[in-house]
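A.B. asks: One structure, as structure tokens, below. Some questions next.
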Amino acid sequence: MKAQHQQQIIPQTCPVCDAPRKYLSYVPLVQKSIVHITCKKCSGNVLAFLSHNDIGTMSVGIVTDLSVDEAQKFMSSESVDFDDVLVLHEISMCNGLTIKDLLQEK
Ligand SMILES: [Zn+2]
């Protein structure tokens with residue numbers, strides 16, 4: 000995706016408080032198809048997902064509480080698959096623990 004085209008679909012105002020671009024910082028993640036946007040005025044964070052196909056280019060933004068560092072860490076970590084979920088369920092059942100209990104253990 001060309002940089003100029005990306006600029007046209009990335010939000011130019013804060014999706015949370017409508018602050019102008021000068022308050023926003025943009026950090027590209029995952030081959031520039033996801034952009035983390037932070038607003039210096041309201042401290043809001045947004046992840047903008049960019050995609051391009053035969054129909055055209057679009058972006059979808061979601062408000063998040065992830066900082067840019069947390070988003071980078073999250074995006075570079077391995078995804079959870081069905082086997083991981085089944086193992087977690089099996090461990091919880093064998094030990095009489097809830098999934099919440101297991102996730103809080105350190
Ligand atoms: Zn804002």
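For the sequence shown, numbering that gives the first Met the number 0 assigns the number 0 to the initial residue and increments by one for each residue that follows.
All C-beta atoms in this analysis are idealised placements derived from N, C-alpha and C, irrespective of residue type, glycine included.
(1) Can you find a heavy atom of ligand 1 that lies under 7 Å from the Cβ of Ala18?
(2) Can you tell me whether DSSP reads Cys93 as helix, strand or coil?
(3) For a minimum of 3 consecutive residues, which ranges assigned as the beta strand (DSSP E) are wholly contained in the region 50-104?
(4) Starting from the C-beta of Val29, find all residues in its chain whose C-beta is less than 7 Å away, skip the five residues before and the five after it, and write them out in chain order.
(5) Note down, in chain order, each residue of its chain lying with its Cβ closer than 6 Å to the Cβ of Ser58, except the 5 sequence neighbours on either side.
(6) Which residues in the same chain have their Cβ closer than 8 Å to the Cβ of Val62, if we skip the five residues on either side of it in sequence?
(7) Verify the contact flag: Lys40, CB atom, against every heavy atom of ligand 1, threshold strictly below 7 Å.
C.D. replies: In brief:
(1) On the sequence shown, residue 18 is found 19 positions in, with the first residue counted as 1. Indeed, a heavy atom of ligand 1 lies less than 7 Å from the Cβ.
(2) Here residue 93 refers to the residue found at position 94 of the sequence shown. Helix.
(3) 56-63
(4) The count along the sequence shown starts at 1 and reaches residue 29 at position 30. When the five nearest sequence neighbours on each side are left out, the beta carbons in the same chain lying within less than 7 Å of the beta carbon of Val29 are those of Met74, in order along the chain.
(5) As a first step, residue 58 is located in the sequence shown; it is residue number 59 there, counting from the start. So the list reads Ile8, Ala47, Leu49, once near-sequence residues are dropped.
(6) In the sequence shown, residue 62 corresponds to position 63, counting from 1. Excluding positions up to five away in sequence, the list reads Pro14, Val15, Gly43, Asn44, Val45.
(7) As a position in the sequence shown, residue 40 is number 41, starting the count at 1. Yes, Cβ of Lys40 sits closer than 7 Å to a heavy atom of ligand 1.
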